[in-house]
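Remarks on the structure that follows.
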Amino acid sequence: MRALLGAEFDAFLESMQAPFQRALRENARRPGGARSFALAQVPWCPRGYFVSTDARPGASLAHFAGAFYLQEPSAMVPAEVLCAQPGERVLDLCAAPGGKATRLAECAGALVANEIEPRRAKVLLSNLERMGAWNAAVTNESPARLAQALPEAFDAVLVDAPCSGEGMFRRDPGAIAEWTEASNLGCQKRQREILACAARLVRPGGRLVYSTCTFSPLENEDNVEWFLREFAEFSARDFSLPALGRSQNGCLRVYPHRAAGEGHFVALLARAGESQPLSKGLASPPALPEAGAAFFAALPPGEAVLRGETTCLRSALLPPLDGLRVLRDGLPLFSCKKGVFRPEHAAGMALAARQALELDAQQANAYLGGAPLALGKDTPQGWALARYQGMPLGWGKGSEDTFKNHLPKGLRQNAPLLP
Numbered sequence: 252m253r254a255l256l257g258a259e260f261d262a263f264l265e266s267m268q269a270p271f272q273r274a275l276r277e278n279a280r281r282p283g284g285a286r287s288f289a290l291a292q293v294p295w296c297p298r299g300y301f302v303s304t305d306a307r308p309g310a311s312l313a314h315f316a317g318a319f320y321l322q323e324p325s326a327m328v329p330a331e332v333l334c335a336q337p338g339e340r341v342l343d344l345c346a347a348p349g350g351k352a353t354r355l356a357e358c359a360g361a362l363v364a365n366e367i368e369p370r371r372a373k374v375l376l377s378n379l380e381r382m383g384a385w386n387a388a389v390t391n392e393s394p395a396r397l398a399q400a401l402p403e404a405f406d407a408v409l410v411d412a413p414c415s416g417e418g419m420f421r422r423d424p425g426a427i428a429e430w431t432e433a434s435n436l437g438c439q440k441r442q443r444e445i446l447a448c449a450a451r452l453v454r455p456g457g458r459l460v461y462s463t464c465t466f467s468p469l470e471n472e473d474n475v476e477w478f479l480r481e482f483a484e485f486s487a488r489d490f491s492l493p494a495l496g497r498s499q500n501g502c503l504r505v506y507p508h509r510a511a512g513e514g515h516f517v518a519l520l521a522r523a524g525e526s527q528p529l530s531k532g533l534a535s536p537p538a539l540p541e542a543g544a545a546f547f548a549a550l551p552p553g554e555a556v557l558r559g560e561t562t563c564l565r566s567a568l569l570p571p572l573d574g575l576r577v578l579r580d581g582l583p584l585f586s587c588k589k590g591v592f593r594p595e596h597a598a599g600m601a602l603a604a605r606q607a608l609e610l611d612a613q614q615a616n617a618y619l620g621g622a623p624l625a626l627g628k629d630t631p632q633g634w635a636l637a638r639y640q641g642m643p644l645g646w647g648k649g650s651e652d653t654f655k656n657h658l659p660k661g662l663r664q665n666a667p668l669l670p
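Now the structure itself:
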């Protein structure tokens with residue numbers, strides 16, 4: 252580190268003894284939902300906010316409702332550099348637990364979020380559903396398998412690579428004891444394997460962002476130089492972000508003594524060439540059975556796909572995922588069993604419901620605990636989406652004076668959440 256930082260080394264050492272910054276990123280689909288916890292804005296992320304050290308945003312009703320994602324400030328950088336756009340097909344190749352994927356899904360036309368480790372892939376899916384990402388598919392594949400199945404399929408690819416984690420030592424001092432020089436070399440080998448696969452997934456004219464949370468040049472600049480030698484169709488592209496400055500040769504380092512965040516590295520690599528836009532002629536809403544469509548106030552454009560007894564909304568920008576290990580390929584809308592239609596929880600978190608029930612904090616906690624709600628004359632009849640401060644919690648069904656609880660059992664809370 253002394254060789255990397257020179258005269259800044261002492262300031263870096265001092266910063267490593269200071270408390271780390273806590274932050275969240277507000278969900279663009281739930282504007283204002285983070286206001287009770289948000290302090291100053293994270294300069295490089297339009298919806299990123301610092302939070303106080305004693306706040307408990309993760310134990311709040313707003314967090315359950317997908318109002319925000321708790322995310323280390325520097326970890327917000329890669330998605331901002333990738334800068335996904337409407338109409339684009341985007342891949343997050345190493346996506347769990349979902350901090351960057353949930354941001355990309357807000358901006359892109361469609362997102363494939365991949366995670367090779369099965370348990371982490373389930374966490375990824377849970378976070379995408381909580382944040383209401385209707386346009387995302389989740390895969391549980393190796394980068395090599397995706398590269399084989401989906402060559403040149405994506406406008407933009409993010410590789411937030413597994414790394415030695417040196418940039419997180421301040422947050423996790425125990426990780427220091429586990430570090431060895433072999434950690435850097437082993438990570439570098441794996442990172443290059445992932446990058447080689449990622450190169451095959453980018454369309455001509457597309458872009459690739461490579462990021463790590465380590466300081467090691469072996470895992471950062473050395474990998475970028477290797478990549479540009481191996482894949483001549485790519486070139487480094489410089490960028491700048493507020494409070495972080497401008498990249499050099501397409502690479503930007505974030506240090507805790509320079510910015511309010513942990514150690515991070517980001518590189519932007521552009522592929523030469525041009526491709527036809529993917530979004531042409533893909534703006535039609537799906538045709539659904541009247542009883543199923545009745546749950547929702549409006550539907551985004553896409554295709555209605557039947558998977559067993561469940562009808563899903565699939566963005567037409569998603570690539571075909573046949574033959575891959577897929578946790579979700581489209582947004583589950585509703586099921587139909589023996590002619591009885593029932594809305595899916597994921598759809599309630601992502602789409603506006605035709606009928607909604609606003610709950611106060613006490614009622615919301617009772618609902619999240621799995622209880623039916625006795626609402627008297629205020630009980631909506633039939634299916635309705637329970638909401639707190641306009642944000643979705645889950646479905647219920649009103650019958651006479653009782654709102655019956657249909658929150659999935661795995662999501663029910665054992666203790667009240669903060670208002």
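So the sequence shown is residues 252 to 670, counted in the numbering used here.
Every residue gets a Cβ at the ideal spot worked out from N, C-alpha and C, and that includes glycine.
### Query
Since Q614 contacts G633 with CB under 8 Å, what's their CB separation in whole angstroms?
Incorrect: roughly 19 Å between the Cβ atoms, too far for contact.
### Task
Quick one: using the 10 Å Cβ neighbour count with 16 as the cut-off for buried, is R370 buried or exposed?
That one is exposed.
### Message
Helix, strand or coil, according to DSSP, for A412 in the structure here?
### Response
Coil, per DSSP.
### Query
Nearest CA to the CA of R480: which residue from T463, A447 and L503?
Comparing Cα positions, the closest option is A447.
### Query
Taking C-alpha atoms, which residue in V410, W477 and L312 lies nearest to K351?
For K351, the nearest C-alpha among the options comes from V410.
### Query
Among V460, R354, Y461 and A494, which one has its Cα closest to the Cα of V678?
Examination of residue 678 is not possible in this model, given that the chain is present from 252 through 670 alone.
### Query
How many angstroms separate the CA atom of A398 from the CA atom of V328?
Whole-angstrom Cα-Cα distance: 25 Å.
### Message
Comparing C-alpha positions only, which one of L264, R579, D652 and T353 sits nearest to A335?
### Response
If we check each option's Cα against that of A335, T353 comes out closest.
### Query
K589 by DSSP, collapsed to three states: which one?
K589: coil per DSSP, three-state reduction.
### Task
With a threshold of 16 other CB atoms inside 10 Å of the CB of D580, please say whether the residue is buried or exposed.
Buried is the call here.
### Task
Give me the Cα-Cα distance between A433 and P424, rounded to the nearest whole angstrom.
Rounded to the nearest angstrom, the two C-alpha atoms are 19 Å apart.
### Message
Which same chain residues end up closer than 6 Å to R488 when comparing Cβ atoms and leaving out the 5 residues on each side of it in sequence?
### Response
Cβ within range, chain order: G501, L519 and A521.
### Task
Give the DSSP-derived three-state secondary structure of Q268 in the structure shown.
If DSSP states are grouped into helix, strand and coil, Q268 belongs with coil.
### Message
Taking the alpha carbon of E417 as the reference point, which residue from A400, R396, P455 and E470 has its own alpha carbon closest?
### Response
Closest by alpha carbon: E470.
### Query
With A330 and L362 assumed to form a contact (beta carbons below 8 Å), what rounded beta-carbon distance in angstroms separates them?
Rounded to whole angstroms, the Cβ separation of A330 and L362 is 11 Å, and the two are not in contact under 8 Å.
### Task
Flag P348 as yes if its beta-carbon sits less than 7 Å from any beta-carbon of chain B, otherwise no.
You won't find chain B in this structure, because it holds only one protein chain.
### Query
Cα separation between N665 and A450?
Computed Cα separation, rounded: 46 Å.
### Message
Please classify T304 as buried or exposed, where buried requires at least 16 other C-beta atoms within 10 Å of its C-beta.
### Response
Exposed.
### Query
With a Cβ-Cβ cutoff of 7 Å, do L503 and V408 count as a contact?
Between L503 and V408, the gap from beta carbon to beta carbon reaches 7 Å or more.
### Query
Under three-state DSSP, which class holds L397?
When DSSP states are grouped into helix, strand and coil, L397 belongs to the helix group.
### Task
Jot down the residue ranges of each uninterrupted alpha helix (DSSP H) in the region 295-378, minimum 4 residues, whole runs only, in chain order.
The alpha helix (DSSP H) runs lying completely inside the region 295-378 and spanning 4 residues or more are 312-315, 328-333 and 350-358, given in chain order.
### Query
In chain order, what residues of the same chain lie with their CB nearer than 7 Å to the CB of S415, ignoring the 5 residues before and after it?
Close CB contacts of S415 within its chain, under the 7 Å cut and outside five residues either way in sequence, are with W430, S434, N435, C438, T465, S467 and E470 (chain order).
### Message
For the alpha helix (DSSP H) containing M600, name the first residue and the last one.
### Response
In the DSSP assignment, M600 falls within the alpha helix (DSSP H) that extends over H596 to A601.
### Inside the region 602-653 only - alpha helix (DSSP H) runs reaching at least 4 residues
The DSSP assignment places complete alpha helix (DSSP H) segments of no fewer than 4 residues inside the region 602-653 at 612-619, in order along the chain.
#### Entry: Continuous alpha helix (DSSP H) stretch holding L255: start and end
From DSSP, the alpha helix (DSSP H) with L255 extends over R253 to L256.
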